[in-house]
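A.B. asks: Input: one structure, supplied below.
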Amino acid sequence: MTGRCCHAIELNAAYVDVAVLRWQDFTGQAAVLEGDERTFAEIAAARAGGVA
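So in our numbering the end of the sequence shown lands on 1009, straight run, no missing numbers.
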C-alpha cells in the first residue's frame, strides 16, 4: 500500500503457517514453494494427510 518492499523471515516454525496465511489474505495471491511450484494449500493438505 505504501510502495515499500519487504523481505521477512519467521524464526519460529510454529508461526510460519500463520505468516503465510496472513500474507495470502492480504495480497489475495497464493503462496508458491520455490523449486517445485506447489501452493501452500497443496502442501498443507499433504501434511494433513500424512504425505510429505
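Glycine included, each C-beta is placed from N, C-alpha and C at the ideal position. In this text the structure is predicted, and so the values were computed from the model without any measurement.
Any idea which residues DSSP pairs valine 977 with across the strands?
C.D. replies: Bridge partners of valine 977: none, in fact.
A.B. asks: Taking the continuous alpha helix (DSSP H) assigned at arginine 1004, which residues delimit it?
C.D. replies: Run containing arginine 1004: 997-1005, per the alpha helix (DSSP H) assignment.
A.B. asks: Whole-angstrom Cβ separation of phenylalanine 997 and alanine 987, contact assumed at under 8 Å?
C.D. replies: Their Cβ separation, rounded to whole angstroms, is 7 Å, which keeps phenylalanine 997 and alanine 987 in contact under 8 Å.
A.B. asks: Could you give the distance in angstroms between the alpha-carbon of valine 975 and the alpha-carbon of cysteine 962?
C.D. replies: Near 20 Å, if we compare the C-alpha coordinates of cysteine 962 and valine 975.
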